[in-house]
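J.:
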Ligand SMILES: Nc1nc2c(ncn2[C@@H]2O[C@H](COP(=O)(O)OP(=O)(O)OP(=O)(O)O)[C@@H](O)[C@H]2O)c(=O)[nH]1
Ligand SMILES: [Mg+2]
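In our numbering, the protein residues as written are 117 to 431.
(1) Alpha carbons only, please: which of 352, 420, 425 is nearest the one belonging to residue 399?
(2) Measuring straight from C-alpha to C-alpha, what distance separates residue 163 and residue 202?
(3) Within 10 Å of its beta-carbon, does residue 200 have 16 or more other beta-carbons around it, so buried, or fewer, so exposed?
(4) What is the C-beta distance between residue 259 and residue 247, in whole angstroms, given that I count them as a contact (C-beta under 8 Å)?
(5) On the three-state DSSP scale, how would you describe residue 120?
(6) Where residue 411 and residue 381 are concerned, what is the direct C-alpha to C-alpha distance, given to the nearest angstrom?
(7) Does the count of Cβ pairs from the segment 351 to 369 and the segment 225 to 239 closer than 8 Å reach three?
(8) Can you pull the DSSP bridge partners for residue 316?
(9) Name the DSSP beta bridge partners of residue 291, please?
(10) Tell me which residues share the same chain as residue 198 and place their Cβ nearer than 8 Å to its Cβ, disregarding the 5 neighbours each side in the sequence.
(11) Who are the near neighbours of residue 390 in its chain, counting only those whose CB is closer than 8 Å to its CB and skipping five residues on each side?
(12) How long is the line joining the alpha carbons of residue 119 and residue 157, rounded to whole angstroms?
(13) Looking at residue 315 and residue 261, is the spacing between their C-beta atoms short of 7 Å?
(14) Could you tell me whether any non-hydrogen atom of ligand 2 is closer than 6 Å to the CB of residue 179?
(15) Do residue 295 and residue 257 have their beta-carbon atoms positioned less than 7 Å apart in this structure?
(16) Return the CA-CA distance between residue 228 and residue 309, expressed in angstroms with no decimal places.
(17) Confirm the yes/no value for this check: CB of residue 264, any heavy atom of ligand 1, distance under 6 Å.
(18) Label residue 428 either buried or exposed according to how many other C-beta atoms from any shown protein chain fall within 10 Å of its C-beta, with 16 as the threshold for buried.
(19) Could you please give the first and the last residue of the uninterrupted alpha helix (DSSP H) stretch that includes residue 416?
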């Protein structure tokens, strides 16, 4: 999950920029229209707040940002570029504390990562992309097909296993996921694998039995390693916008969520939701997804994200 060289980093930044382009284009179009040759007065701040809310930053975060801007620039002449810089700085400040790249703990064999989230949020794809990054770094990875609910789920994981050279542990559809995960962890320990990535079935809060199953899966793996899962990641589809807040609340009430992965930022004009989530929950953001290919997941970088959102070129 590190940047291997300058070219690779440049590639990632341009991928991030094009991934965030829908959010960024809308936001910048509105900002340009609003700020053109005007003083920063109360009325303009209100309109600015509306634009930030429309970019899914949410009321509370939008207010925080405009209040900050007012403190330094109210009634002063300010260029569009300066407003964007100031907003990017304030957003990077919110995001800085939550940017946490995934680094497997080398003393854990394996470091167990459990993925959860609602249906279709991007869990399986994220696991595939993370397996790609980890195996590229020379780590041995085992993938556990804990989604025994959907028949095609194990096959989807199998494809990622082949693509990344990771071993996939799967059983027949309908198998109890808790017992599958127990066996997968036993195997990964025996092999001294570096990382075990556990896929789970997508679940909504109205499926009580599936929510209970997730808790059971965790309880059962703790019979082997009471510190597992070492990282529990909730995967969120950025295109759902503000709905992501309630998803985080629901899963956090049920299990101990250590951090978030935001996916589909490329397909969304709602990328600002990441800022709102960071501001509200202070949960680490481990990675973001900006596409469906192996390379489309990278460590989350607060400054690059803020700059991409505001369309600012890095120096
Ligand atoms: N554009 C884009 N598509 C993504 C991204 N991540 C996942 N997808 C797509 O979203 C769809 C759902 O992804 P999955 O990984 O199957 O989601 P899931 O959470 O495992 O779904 P369930 O197992 O059904 O709960 C697939 O078509 C993925 O290719 C992303 O970052 N960008
Ligand atoms: Mg899946």
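Where a beta carbon is used, it is the ideal one built from N, C-alpha and C, also for glycine. These numbers come from a predicted model, not from an experiment.
T.: On the basis of the data shown:
(1) 352
(2) 16 Å
(3) buried
(4) 6 Å
(5) Note that residue 120 scores a pLDDT of 45, beneath 50, so its modelled location is shaky; the value from the coordinates is reported in the next line. It is coil, neither helix nor strand.
(6) 14 Å
(7) yes
(8) 262
(9) DSSP lists no partner for residue 291.
(10) 189
(11) 211, 354, 378, 381, 401, 404, 421
(12) Unreliable positioning characterises residue 119 in this predicted model, as indicated by a pLDDT of 39, which lies under 50. The coordinate reading is nonetheless provided below. Spanning the two alpha carbons is a distance of roughly 42 Å.
(13) yes
(14) no
(15) no
(16) 10 Å
(17) no
(18) buried
(19) Unbroken run through residue 416: none, as it is neither H nor E.
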